[in-house]
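Peer 1:
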Amino acid sequence: MKLHIHNINEDQSRAKSENQMRVENDLSELSINENEKEFNKFISNYQSLISYCTTLQKYICHLGKKKELSKDNQLLGFCKEVFAKIKEINERFDQLNMNLNLSQDINEMDKIKNKNDSLLTLFSQAKELYSKEKKTEAFQKFTEVLRINPNFIDARIYRGNLSLDVNNTFYAQFDFEEALKQDKYNLKALKGITIAFKMQCNYELGLKYALKVIKHEPKSPIGNFNAADCLKFLGQYNENTLRYINQAIDQEKRRFEQKLQVYFRNKGEILFGLNRESEAREFVLKALELNQNYELAIKTLKRFDDISQRRINT
1 MKLHIHNINE DQSRAKSENQ MRVENDLSEL SINENEKEFN KFISNYQSLI SYCTTLQKYI
61 CHLGKKKELS KDNQLLGFCK EVFAKIKEIN ERFDQLNMNL NLSQDINEMD KIKNKNDSLL
121 TLFSQAKELY SKEKKTEAFQ KFTEVLRINP NFIDARIYRG NLSLDVNNTF YAQFDFEEAL
181 KQDKYNLKAL KGITIAFKMQ CNYELGLKYA LKVIKHEPKS PIGNFNAADC LKFLGQYNEN
241 TLRYINQAID QEKRRFEQKL QVYFRNKGEI LFGLNRESEA REFVLKALEL NQNYELAIKT
301 LKRFDDISQR RINT
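Count the sequence shown with full-length UniProt numbering and you get residues 1 to 314, in order.
#1: On the three-state DSSP scale, how would you describe K286?
#2: Look at the alpha carbon of L274 and the alpha carbon of S220, and state the distance between them as a whole number of angstroms.
#3: Please identify the residue among R254, E137 and E277 whose C-alpha is closest to the C-alpha of S308.
#4: In the DSSP assignment, find the unbroken alpha helix (DSSP H) run with G160 in it and report its ends.
#5: May I ask you to report which of helix, strand or coil DSSP gives Q200?
#6: Determine the DSSP secondary structure at T314, reduced to helix, strand or coil.
#7: Can you tell me whether S163 is buried or exposed, with buried defined as 16 or more other CB within 10 angstroms of its CB?
#8: Taking the C-alpha atoms as reference points, what is the distance between V213 and C230?
#9: Output yes or no for whether 7 Å exceeds the beta carbon distance between A138 and L146.
#10: Counting along the chain, where does the alpha helix (DSSP H) carrying G235 start and finish?
#11: Going along the chain, which residues of its own chain have a beta-carbon closer than 7 Å to the beta-carbon of E279, five neighbours each way excluded?
#12: Alpha carbon to alpha carbon, how far is A227 from D154? Give it in angstroms, no decimals.
#13: Would you kindly work out how many angstroms separate the C-alpha atoms of K191 and G223, rounded to a whole number?
#14: Got a sec? Which residues, its chain only, sit under 7 Å from L290 by beta carbon, not counting five neighbours each side?
#15: Short check: CB of T169 to CB of A196, under 7 Å?
#16: If I measure Cβ to Cβ from E144 and keep anything under 6 Å in the same chain, skipping five residues before and after, which residues do I get?
#17: Straight-line CA distance for F176 to K132?
#18: Is A179 closer than 7 Å to R159 when the C-beta atoms are compared?
#19: At what residue ranges does the segment 238 to 280 contain a whole run of the beta strand (DSSP E), taking only runs of 3 or more?
#20: Under 7 Å Cβ to Cβ from Y203, same chain only, skipping five residues before and after it: list those, please.
#21: Determine the DSSP secondary structure at Q292, reduced to helix, strand or coil.
#22: Using only CA atoms, which one of S118, Q182, N266 and D306 lies nearest to A287?
#23: Can you tell me whether Q236 is buried or exposed? The criterion is at least 16 other CB atoms within 10 Å of its CB, across all chains shown.
#24: Cα-Cα, which of Q140, K134, I148 and I245 is closest to D117?
#25: For the alpha helix (DSSP H) that contains K181, what are its first and last residues?
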């Protein structure tokens with residue numbers, strides 16, 4: 001019986017040695033960059049070793065039942081070595097799986113990044129065309145952007161405004177509605193859809209969205225104007241209508257004056273550079289009439305005084 005065990009031991013040792021060397025070679029060479037074919041080859045060898053070790057386990061259990069295992073210390077040592085190898089292979093296989101999954105995640109992230117880079121490049125090109133008033137080309141570019149990402153709100157709003165420019169109000173309405181599905185408080189989309197409904201002579205819906213604009217931006221000139229305009233076309237001549245139009249006028253006037261005060265101050269600086277000091281002061285003072293707290297205008301007058309004083313001293 002002992003001779004029989006040794007014969008089996010020799011056969012198993014040779015098989016173990018061949019399988020172990022093959023698997024260890026595969027483990028040392030395999031990396032997260034290997035292709036699927038090589039990975040499958042490793043899996044096959046791994047499964048062969050596990051199958052081989054499982055057979056050994058059954059054989060060891062068989063000997064144990066017959067109480068013959070202790071008679072062969074060489075076989076017992078070999079079995080312990082096999083069990084240790086199973087544990088090592090399992091641990092390395094788990095690590096390899098983690099590395100492969102990480103590699104796949106990184107590849108997916110790279111794909112997403114490349115997609116986003118392409119998207120942003122197209123969007124920048126579309127905005128540039130829009131700024132140059134190349135409306136047809138801009139519309140096509142924004143459409144390409146939306147094919148990649150239908151939820152790109154800014155692209156929706158730009159394309160919606162382009163549709164308004166060519167009186168394609170229903171297409172504009174669609175884009176603004178899609179934008180509002182993503183962000184129901186988006187003021188640009190609310191203002192755009194208000195105009196789209198007004199152009200369709202749908203003043204009830206136009207008023208609905210104009211009031212939403214006012215709710216989130218009470219001093220909005222365009223919001224108040226559109227509300228007054230819709231009420232007028234609906235025949236509602238009342239104090240509310242008057243209040244909306246007055247608010248629109250006041251805000252537009254204030255916005256105009258804010259621009260005008262900058263222009264007046266700049267003209268004053270130019271006149272001062274031409275040594276036309278009295279005219280220069282006149283225009284800076286006009287800027288201060290529009291806004292007495294206009295800090296840059298106050299500093300400009302002080303600078304005029306300092307320069308004039310130095311001229312006198314020299």
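The beta carbon of each residue, even a glycine, is placed where N, CA and C say it ideally should be. The structure presented is a predicted model; accordingly, all values stated were derived computationally and were not measured.
Peer 2: This is what the structure holds:
#1: helix
#2: 40 Å
#3: E277
#4: I153 to D165
#5: coil
#6: coil
#7: buried
#8: 14 Å
#9: no
#10: It is not in any alpha helix (DSSP H) - G235 carries neither H nor E in the DSSP assignment.
#11: L271
#12: 24 Å
#13: 7 Å
#14: E257, L260 and Q261
#15: yes
#16: L122
#17: 23 Å
#18: no
#19: none
#20: C230, F233 and L234
#21: coil
#22: N266
#23: exposed
#24: I148
#25: T169 to Q182
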